[in-house]
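The structure appears below as structure tokens.
Number of protein chains: 2
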Amino acid sequence: MRETTGGTRQRIQAVALELFTEHGYEKTSLREIAERLGVTKAALYYHFKSKDEIVTSLVDDRLRRMDELIAWAADQPPTLATRRALISRYADSMFAGDLPQVMRFFEQNQTVLKSLVAGQQMRNRMMRLAHELCRGDESPAAQLRAALTLFAVHSSWFAVRAPGITDDERKRIALQVADELLAKIGENGQG
Amino acid sequence: MRETTGGTRQRIQAVALELFTEHGYEKTSLREIAERLGVTKAALYYHFKSKDEIVTSLVDDRLRRMDELIAWAADQPPTLATRRALISRYADSMFAGDLPQVMRFFEQNQTVLKSLVAGQQMRNRMMRLAHELCRGDESPAAQLRAALTLFAVHSSWFAVRAPGITDDERKRIALQVADELLAKIGENGQG
DNA sequence: GTCTATAATGTGATAGAC
DNA sequence: GTCTATCACATTATAGAC
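Those protein sequences? They're chains A and B, same order as listed. Per the UniProt record's numbering, the first sequence starts with residue 1, numbered consecutively. Per the UniProt record's numbering, the second sequence starts with residue 1, numbered consecutively.
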């Protein structure tokens, strides 16, 4: 619709994401990306005006979804049911398409991504999401539990080593553990 | 004892760790480290024979402590009491000296550190530690809970935003949440 | 133990032909 | 839409003076 390219832009994104995730953003050079695609660096610069614009293009769609999610949550009452629905929706969007890999890339390159606008935006959205997850209980323990809930969804991809496990099972387990953590938010007594 | 230097080696380590953590390993140049110390790059090469040897020197002491911890755990019975003692000891060593910063550096630069021996070793120790934390219950949920337990200790440093909170309080909260997660390991019925 | 100087290489990015 | 050629610069690392 908007490009006459035969998917070259998408192929660049796919290869870049793979290399960024595998070797890190800084360590992956444009030459490496171009070589793997069988094109030249100049070809890359036709589609993206800089290296970090590739990251931006990768993250943009994810950012939109997170914004929708945060806006939705802000409109709900701060109850356990809302928190559970929020993490469930988040998991749904995490386990779709290549977004898990985008999140893995983001999580394992946080320091470097601090200097990129796209990285700062992702960071900001994660913090706001965590904030929504413990709305009504700003105690330190609640904040920690909220953060762990998000991490549970992310890490179910690599922390769980089981032969033949399906994506749906990973998601189910992540949500099970997340629900237990969320249930403790709002119980203001500690200990 | 082994160096006649007036702590230059230590000063290099301190500045390198700070910059690696702040900007990332790849993005931090030796020139930058040398400049901040008021010496030249060549001076760095007198103390460390390469850039990644600085990382090695930073991680070595941490690796030793983790090895001790893993060996200790392997000698204990696989009970809840052992798991709790293990995470408590881990937290103690985490909250001492500049080790928290080393762990933060490690966690936020994982992808890049994969290509460094020191990084692979740290990764290996973390996995073994997680394994010890769920020994006797290798179910996916248990694996996830064990990983989250470690992350609870690490993330209590940045996930909890509270004015004037002390290190001891952070540790206490991390262990409280960790204990709850560990208590669910070994209950083989899954809700 | 720290310096100057420099080698050798790789990087992101641009200009302009086709 | 992709190419060749090249720029300007930063990088790790080394050699050798002091």
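All residues carry an ideal CB built from backbone N, CA and C; glycine is no exception.
Give a yes or no on whether the minimum CB-CB distance between residue i and chain A is below 9 Å.
i, result
"Gly97(B)", "no"
"Glu35(B)", "no"
"Arg84(B)", "no"
"residue 225(B)", "Chain B is shown only over 1 to 191; residue 225(B) falls outside these bounds and no answer can be derived."
"Arg2(B)", "Residue confidence for Arg2(B) is low, a pLDDT of 48 falling below 50, so the modelled location carries little weight; the figure read from the coordinates is stated next. By this cut-off, Arg2(B) is not an interface position."
"Glu169(B)", "yes"
"Phe105(B)", "yes"
"Ala118(B)", "no"
"Ala74(B)", "no"
"Ala43(B)", "no"
"residue 194(B)", "Lying outside 1 to 191, the shown extent of chain B, residue 194(B) is not represented and no answer is given."
Residues in the same chain with beta-carbon distance under 6 Å from residue i, minus the five sequence neighbours each way, listed in chain order, please.
i, result
"Tyr46(B)", "none"
"Leu113(A)", "Gly119"
"Ile185(A)", "Cys134, Asp137, Ala142, Arg145"
"Ala42(B)", "none"
"Gly191(A)", "Residue placement at Gly191(A) is flagged as unreliable, the pLDDT there being 40, under the threshold of 50; a coordinate-derived value is accordingly withheld."
"Leu181(B)", "Arg145, Leu148, Thr149"
"Phe48(B)", "Ile54"
"Thr40(B)", "Ala34"
"Pro163(B)", "none"
Mind listing the chain B neighbours of residue i? Cutoff is C-beta to C-beta under 7 Å, in chain order.
i, result
"Ala147(A)", "Ser155, Ala159"
Name the chain A residues that come within less than 8 Å of residue i, Cβ to Cβ?
i, result
"Thr21(B)", "Thr111"
"Ile173(B)", "Pro140, Ala141, Leu144"
Any beta-carbon of chain B closer than 9 Å to the one on residue i?
i, result
"Glu187(A)", "no"
"Gly191(A)", "At Gly191(A) the pLDDT is 40, less than 50, meaning the model places this residue with poor confidence; the figure from the coordinates comes in the next sentence. It does: the Cβ of Gly191(A) has a partner Cβ on chain B nearer than 9 Å."
"Ile165(A)", "yes"
"Ala81(A)", "no"
"Arg135(A)", "no"
"Ala14(A)", "no"
"Ala91(A)", "no"
"Arg11(A)", "no"
List the residues of chain B whose Cβ lies closer than 9 Å to the Cβ of residue i, in chain order.
i, result
"Ala162(A)", "Glu138, Ser139, Pro140, Gln143"
What in chain B is Cβ-close to residue i, meaning under 8 Å?
i, result
"Ser29(A)", "Residues of chain B passing the Cβ test: none, with the nearest at roughly 11 Å."
Beta carbon of residue i, beta carbon of residue j: below 9 Å?
i, j, result
"Val15(A)", "Arg36(A)", "yes"
"Phe105(B)", "Leu17(B)", "yes"
"Leu58(A)", "Gln121(A)", "no"
"Ala178(A)", "Ile70(A)", "no"
"Leu148(B)", "Ala183(A)", "no"
"Ala73(A)", "Thr79(A)", "no"
"Thr111(A)", "Asn109(B)", "yes"
"Glu26(A)", "Gly24(B)", "yes"
Name the chain A residues that come within less than 9 Å of residue i, Cβ to Cβ?
i, result
"Val177(B)", "Ala141, Leu144, Arg145, Leu148, Leu181, Lys184"
"residue 192(B)", "Lying outside 1 to 191, the shown extent of chain B, residue 192(B) is not represented and no answer is given."
Between the options, which has its C-alpha nearest residue i's C-alpha?
i, options, result
"Leu175(B)", "Glu187(B), Pro163(B), Leu150(B)", "Leu150(B)"
"Glu169(A)", "Lys51(A), Ser156(A), Leu133(A), Thr82(A)", "Ser156(A)"
"Ala91(B)", "Ile173(B), Ala34(B), Thr79(B), Gln76(B)", "Ile173(B)"
"Arg161(A)", "His131(B), Asp179(B), Ala178(B), His154(B)", "His131(B)"
"Lys51(B)", "Ile165(B), Ser115(B), Glu187(B)", "Ser115(B)"
"Gly38(A)", "Thr21(A), Arg11(A), Phe20(A)", "Arg11(A)"
"Met66(B)", "Tyr25(B), Ser93(B), Glu180(B)", "Ser93(B)"
"Pro140(A)", "Asn124(B), Ile165(B), Asp98(B), Gly24(B)", "Ile165(B)"
"Glu107(A)", "Gly97(A), Thr28(A), Met126(A)", "Met126(A)"
"Leu44(A)", "Pro77(A), Asp60(A), Arg9(A), Arg123(A)", "Arg9(A)"
"residue 201(A)", "Pro163(A), Gly24(A), Val153(A), Val117(A)", "Nothing about residue 201(A) can be read from this structure; chain A reaches only from 1 to 191."
"Arg62(A)", "Gln76(A), Pro77(A), Asp98(A)", "Asp98(A)"
"Asp60(B)", "Gly7(B), Val117(B), Gln76(B), Ala85(B)", "Val117(B)"
"Ala85(B)", "Leu129(B), Pro163(B), Arg123(B)", "Leu129(B)"
Counting only the same chain and skipping the five closest in sequence on each side, list residues whose C-beta sits under 7 Å from that of residue i.
i, result
"Phe95(A)", "Asp167, Lys171"
"Arg64(A)", "none"
"Thr21(A)", "Gln101, Arg104, Phe105"
"Glu32(A)", "Leu19"
"Gln76(B)", "Thr82"
Report the neighbours of residue i on chain A: residues whose CB is nearer than 7 Å to its CB, in chain order.
i, result
"Ala152(B)", "Leu144, Leu148"
"Gln108(B)", "Gln110, Thr111"
Would the C-beta of residue i count as close to the ligand PLP, meaning under 8 Å from any of its heavy atoms?
i, result
"Leu129(A)", "Inclusion of the ligand PLP in the displayed structure is not the case, the ligand content being empty and no account of it being possible."
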